[in-house]
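For the sequence shown, this note's numbering gives the first residue as 40, with consecutive numbering after it. Structure, as structure tokens:
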Amino acid sequence: MRRFLSEPIWVVVTAAGQSRRMGGVSKMLLDVGRLPIIVRTLRIFQEAPVDGIALAVPTGQEDEFRELCQQHELSKVRWVVEGGLERQNSIANALEALPAQPEDWVAIHDGARPFVSQEVL
């Protein structure tokens, strides 16, 4: 995939949901084809021409998600941050971690959506 922009491109991935509809089971950690959903989602951006990823995760699970990213060699995940009470709070926390400048591009993606294609990106 070619990169069309010269400005930095950052990605915020939200994965801090409480999974209430799943009975408290974190859907981000559920396996789909022997890989956790969040790993599948992050791999899409790992392979894309982006400069770095900020991942917002449930409070207290930052180390668990950092380890998961290391295990799966997701080197573009440079910031794992505490999510907020609402999605907008999680996004704000992740945006604060990024070194983004006003002219940079930032994409925001839901961690539970692992099937976006490189063509869509």
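Every residue, glycine too, gets a C-beta built ideally from N, C-alpha and C. Everything numeric in this text was worked out from a predicted model, so none of it was measured.
Item	Value
Contact check, Ile161 vs Pro141, beta carbons under 7 Å	The structure shown does not extend to residue 161, since the chain is modelled only from 40 to 160, so the question has no answer here.
Residues that Glu142 bridges to, as DSSP identifies them	Looking at the DSSP assignment, Glu142 forms no beta bridge with any residue, so it has no partner.
Sheet register partners of Leu74 (DSSP bridge)	Val71
Among His148, Ile92 and Pro88, the one whose alpha carbon lies nearest that of Gln127	His148
Closer than 6 Å: Glu125 CB and nearest the ligand ATP heavy atom	In the structure on display, the ligand ATP does not appear, and there are no ligands present to speak of.
Beta-carbon proximity list for Leu160, same chain, < 6 Å, skipping 5 on both sides	Ala87
Beta-carbon contacts of Ala136 that lie in its chain and below 8 Å, excluding the five residues immediately before and after	Ala93, Trp118 and Val120
Through-space distance from Pro47 to Ala146, alpha-carbon basis	11 Å
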